[in-house]
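These protein sequence lines map, in sequence, to chains A and B. For what it's worth, my numbering labels the leading residue of the first sequence as 6, then goes sequentially. For what it's worth, my numbering labels the leading residue of the second sequence as -13, then goes sequentially.
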Amino acid sequence: MEFNSRKIFGIFIALSTGLLVVTIFFVLLIQAPPSNFVVNNDILTLVGKSAFQAFLSVIFSLFFGIIISWSFNRLNFFGRSLLVGLFAAAIVTPALVIGLGLINVWGRSGFINYMLEYFGLRPIGSIFGLHGIILAHTILSGAFVATILLARLNAIPSRALKIGQSLDLNAWKRFLVLDWPAISGALPALGSIIFLLSFTSFPIVLLLGAGPANQTLEVAIFSAVRLDFDLNSAVQLALIQLIICFTIILPSIFYLPNTIVAGMTHRQKWHDSKSIIIVQAIILSVGSLIFLSPLLSVLYDGLGQNLIELILKTSFWNSFFTSFIIGVLSALLCLTLALALSFAQVEIQNKYGKAALYLPIFAFMIVPAVVLSLGLFILIRDLGISSTIAAPFVLIIANALLALPFCVAILLPPIQAANIRYSKITKSLRLSGLRRFKSIEWPLLGHEIGLVLALAFCFSLGDLGIISLFGTDDFATLPWLMMRAIGAYRNNDAGSIGAVMLVLALLVFWLLPKITKRFSNAKT
Amino acid sequence: MIIRYFLTVLLLFSLSISSNAQEKPILYIYTYDSFSSEWGAGPKLKKRFEKKCNCTLKWVSTASSISALRKIQLEGDKSKADILLGLDSSIISKGELSGLFENHEIDTKSLKVPNDWRSDIFLPFDFGYFAFVYNKEKLKNPPSSFLELAQMDKDFKIIIQDPRSSTVGFGLMLWLKAAYDEDSNQVWADISPHILTITRSWGEAYNLFLKDEADMVLSYSTSPAYHLIAEDDDKFQAANFNEGHYLQVEVAGILKNSVNKKLARKFLDFLISDEAQAIITTSNWMYPVKNIDLPKGFENLISPKNTLLINANLIENNSQKWIDEMFEAIK
């Protein structure tokens, strides 16, 4: 086998992540006295229900993601990029913020019922229950799907479009011939990620779950750790979660079709028939209403008088800068790792090898936050490092790894496409390493790199799980501050902090891809 | 360049956390989030105490008091914790069983806690009663017992917390157990149609209630005092239940491992001083454990007809079983 730095670097990252996951379980098991843990029927029922819920969330998210990205791709209007940014911001807003925003709109005293009452109509049914959970997950994940697929659709070369137009393809034919090949490569990874997110969803399921009928395994794990300090059961439950998630997503990992079309993202010209344009406009209007109303309600709630009082507090700025610095570093780290992994994915031909590269980063994502936090805490302790000193580094690394599956899902399809298109040139010119990246990939990936940075930044911004054991009063992040406000009757302050996080996420998603794209184009 | 800059900032940042190179001793108090937060009693207590102790007080907070205990357990010998503040009367057995605490040796004669609640290891510093809070303007006839609650209109909704993740939710489970013992599961089954949702934490439940998603929320009988005093809003009240209300006493304990035991005792003394008790009353929104003048507004709160309490050891031995039974009953 020839020496291939891309392969080796990617394998190294996958191995290290895998090792980290194994170590976390290992230190917890050493710590834990054996317990009389048994897999009972309740746990199996829980697993079944979670899987069903997650499955529905995947279907709805993919469906709405596809039709929304399709409409965005065709229509061009003022404020389009801002609207796209708004959609993208949904995935990274802390789940609790989305959940509460959803209730602002759909709840018993929410906006919809307010309007219905105004017109003398009967109120809608309760948002609490399985349908509420799935709606929340669809909003969170569907918007993410739409963002990624839109980037894929925007990358269809204009050449192909011209031919398509000259063949007089109708909307459906065009979708089958041009769009589907462009987006299908991203779907298995996206579906897997959404499944994992929904399966392990914690705040939303509890908030909207309407009681014990809709619980997840994570809650049971949380309880084992927290109430009983039964680390052994927690680890075993976490392992069950790991095994189940893997069994379900494994086929999709093996089935990773190559993306065939590639090109720089660009504005496209395509003439659809009038009726199709009307359909697209309706999809976007209704979609925007459903997807964005919870976010807008969060902004409306939070950006009032109260915000001024909040931003006069030093604790707010401390948290703000802590969150910001951690977010930036975590984003840079995540981008590096995601690039390396995607490059290695492309280099490795064997499909088992490809899957093996994926597994560790998915594993990291499936490990419940509370187990992750505990394991890292014990690991740091055993290494003899003070947890206050380690806290920022742990947060940066853990958040970068958590965002990694999402970022690979964004980067891999365009990198695959670039590889297919330019592999002959790179071979004949003997381009490798950084030079290959600079001259071939960077110009093609400008937009996606911005997207990855934005996503990883916001992921870290919204994190609540890992910090739980590491935070001290000198070291607190925005979501943490928000939870504290909620825990002290200060729901207005909490609302303002939520709104600030949302605005930050929005700005980042709107601006970063533009900036990186401009830079990358300037280089060519 | 940017990376290097940020790394430097980060390094300085973590150093500033760790290297408090002062001669003053540092008292580390582990507690739950909302106590030490901006909005809680923590910062005010720190300010007052540091004036007289010639020391630095550091709050170390986790999501809940029990997580703080777990953190100390995990840190083992290396833990800097001098005091754990915030465990409550229903989970003190977990603290006692850990063997991490020593007797507080504080004179508690002057303390006034319902049921004459005492412990050699843990010093009580405030108390409250679990209660369902409602909006007087929207709910004219609140239920006056669990049985009445069960018979309310079909659309009548309450929000409660998960006993596995919230001390308030745990408290409700004990409340029903104390009031109905063997029959509590039947009562759970009867009220279950009225449960809108079971949240992870008290804060989420209360947030939903303030958004008017439900008619009542499980909270404390002192919650209305917050709205009255801090927000000048008198529309909230707690429903007075005929069965009586379950008592929650919050406590603090000194760790055997502490290197500042003298200072720690000084803090506990301060914690039950009139000055500190007044701060806790209007920052943590609970009753003081001493006979101090209550702030105006507290006289409007309900006084329970009966104080319910279950022995901590009994709780420790049965809680898992009770939680399972409860979930089975409301399935």
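Just so it is clear, CB atoms sit at the ideal spot from N, CA and C, and this is done for glycine as well.
- Ser20, Ser22, Ser23, Glu24, Trp25 and Gly26: these are the residues of the region 20 to 35 of chain B whose beta carbon lies less than 7 Å from some beta carbon of chain A, given in chain order.
- For B:Ile184, a Cβ of chain A is located within less than 9 Å of the residue's own Cβ.
- The beta carbons of B:Leu257 and B:Leu31 sit closer together than 9 Å.
- Using a Cβ-Cβ cut-off of 7 Å, B:Asp139 is close to nothing in chain A; its nearest Cβ partner there is about 14 Å away.
- For B:Gln147, the uninterrupted beta strand (DSSP E) run begins and ends at Ile144 to Gln147, by DSSP.
- Judged by DSSP in its simplified three-state form, B:Leu125 adopts coil rather than helix or strand.
- In the three-state scheme derived from DSSP, where H, G and I count as helix and E and B as strand, B:Val99 is classed as coil.
- Taking B:Ser22 as the centre and dropping the five residues before and after it, the same chain places the C-beta of Gly28, Trp45 and Ser47 closer than 7 Å to its C-beta, in chain order.
- When rounded, the separation of the alpha-carbon atoms in A:Thr393 and A:Leu101 is 26 Å.
- The residue among A:Ser206, A:Gly84 and A:Leu344 with its C-alpha nearest the C-alpha of A:Val457 is A:Leu344.
- Taking 9 Å as the threshold, the shortest C-beta distance from B:Ala49 to chain A falls below it.
- Around the Cβ of A:Gly84, a 10 Å sphere holds fewer than 16 other Cβ atoms; the residue is exposed.
- Chain-ordered, the chain A residues with CB closer than 8 Å to the CB of B:Lys64 read Arg386.
- The region 144 to 154 of chain B makes contact with the region 181 to 200 of chain B, as at least three CB pairs between them are under 8 Å.
- For B:Ala224, the enclosing beta strand (DSSP E) begins and ends at Phe222 to Ala225.
- Per DSSP, reduced to three states, the secondary structure at A:Ala286 is helical.
- Here the alpha carbon of A:Ile138 sits roughly 12 Å from the alpha carbon of A:Ser131.
- When 8 Å is used as the limit between beta carbons, B:Tyr212 is near these residues of chain A: Tyr494, in chain order.
- Under the DSSP definition of a beta bridge, B:Thr183 partners with B:Ile145.
- Between the region 134 to 149 of chain A and the region 204 to 213 of chain A there are three or more C-beta pairs closer than 8 Å, enough to call the two in contact.
- Less than 9 Å separates the beta-carbon of B:Leu254 from that of B:Leu109.
- Taking 9 Å as the cut-off, the Cβ atoms of A:Ile198 and A:Phe411 count as close.
- Below the 7 Å Cβ cutoff, chain B contributes no neighbours of A:Ser163, its closest Cβ being approximately 35 Å away.
- For the C-beta of B:Lys197, the chain A residues within less than 9 Å are, from N- to C-terminus, Leu105, Ile108, Asn109, Gly112, Arg113, Ser114, Gly115 and Asn496.
- Taking C-beta separations shorter than 7 Å and ignoring five residues to either side along the sequence, the partners of A:Ala239 in its chain run Ile226, Ala229, Val230 and Val376, following chain order.
- Within the same chain, Val399 come within 6 Å of A:Leu381 by CB-CB distance, once the 5 residues on both sides are set aside.
- Exclusion of the five residues before and after A:Thr28 leaves Gly380 and Leu384 as the residues of its chain whose Cβ lies within less than 8 Å of its Cβ.
- About 5 Å separates the Cβ atoms of A:Phe204 and A:Ser55, confirming a contact at the 8 Å cut-off.
- Between A:Leu158 and A:Ser74, the CB-CB gap stays under 9 Å.
- Against chain B, a Cβ distance below 7 Å from A:Phe133 picks out Leu182 and Thr183.
- For the options A:Gly309, A:Leu507, A:Ser525 and A:Phe369, the alpha carbon positioned closest to that of A:His452 is the one of A:Ser525.
- About 4 Å separates the CB atoms of A:Ser465 and A:Ser335; that is less than 8 Å, so the two are in contact.
- In terms of Cα proximity to B:Ser130, the closest of B:Asn226, B:Ser79, B:Lys57 and B:Lys221 is B:Asn226.
- Every unbroken stretch of the alpha helix (DSSP H) spanning 4 or more residues and falling wholly within the region 340 to 404 of chain A is given here in chain order: 356 to 371 and 374 to 387.
- A:Gln58 is classed as buried because its beta carbon has at least 16 other beta carbons within 10 Å across all chains shown.
- For B:Glu123, no Cβ of chain A is located within less than 9 Å of the residue's own Cβ.
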